[in-house]
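The structure appears right after this line, and notes come after that.
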Amino acid sequence: MACVGIDLKGHVDAWRQAALPWASAGEQERAARFHRHLDAVRHLVGRALARALLARELGVARLSGEFVGNPWGKPGLPDCGIEFSISHSGDAVWVALCRGVAVGIDVESRDAVADPHALAEVFHPSERAALLALPAAEAQDAFLRCWTRKEAVVKALGEGLSRPLASFCVETGEVERNWLVEAPRGAAASWTVADLPAAAGYRVSVAAPAPGLTITWHY
């Protein structure tokens, strides 16, 4: 499993120019419809980075055509044998690739968390109890860890919001690996899960429904 992250801060337009040659016509058209410039650039950079990594993995100079979304919107490249996931938040963009196994990656900015106690209502009862027991000064970071880990699992499943966040359980504490306490019902019992190093104020987690996968990362 390979994970690559990019920090756009201070270089948004430079990254946009670098991404344009890699992005498909459809991706460029969609980017043009975003109201916020940063949203457009994050979309372009995420798709371009995924294309560049896939091309390298497949041994081709460039990918042609559009990605195909599953019924819940997760993009994919049919018949290539490689799964991928894209995530962005704030100035951070991350992509994860995995051969033959679904993968999900999620990056979240600490600034995006409003009221962790209120948002925790959608979590597993064990997660909710752990978060509610923390003082306010610690609750925000713990919530962000929990949320990012759960989003990575949901993205690996590729089911979007149709998978209730209360249907599986993750650790809320500072553990870098093996934080999936209870696997999602109907999915694989053993997973590879990890938190990755990230810029200050961000959390990054990756998940794949198979045990013992090697994780490489570059940021």
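Each residue of the sequence shown is one higher than the one before, counting from 36 in the working numbering. All C-beta atoms in this analysis are idealised placements derived from N, C-alpha and C, irrespective of residue type, glycine included.
With contacts defined as CB atoms closer than 9 Å, Leu88 and Val39 qualify as a contacting pair.
Taking Arg86 as the centre and dropping the five residues before and after it, the same chain places the C-beta of Trp57 and Leu98 closer than 6 Å to its C-beta, in chain order.
Taking a contact as a CB-CB distance under 8 Å, the pair Ser202 and Trp107 does not count as one, their CB atoms being some 15 Å apart. Closest option to Glu62, judged by alpha-carbon separation, among Pro244, Ala75, Trp50 and His70: Ala75. In this structure, Leu43 lies near Asp126, with their beta-carbon atoms less than 9 Å apart. Annotated three-state conformation of Gly104 is strand, per DSSP. For Ala187, the enclosing alpha helix (DSSP H) has its first and last residue at Ala171 to Leu192.
Straight through space, the alpha carbons of Leu167 and Val130 are spaced by roughly 32 Å. Taking 9 Å as the cut-off, the Cβ atoms of Ser144 and Gly236 count as close. For Thr183, the closest alpha carbon among the candidates Ala233, Val136 and Gly135 is that of Ala233.
CA-CA distance, Ala67 to Ala243, rounds to 32 Å.
In the DSSP assignment, His123 falls within the unbroken beta strand (DSSP E) covering Ile117 to Ser124. In terms of CA proximity to Asp48, His78 leads the group His78, Ala60 and Arg163.
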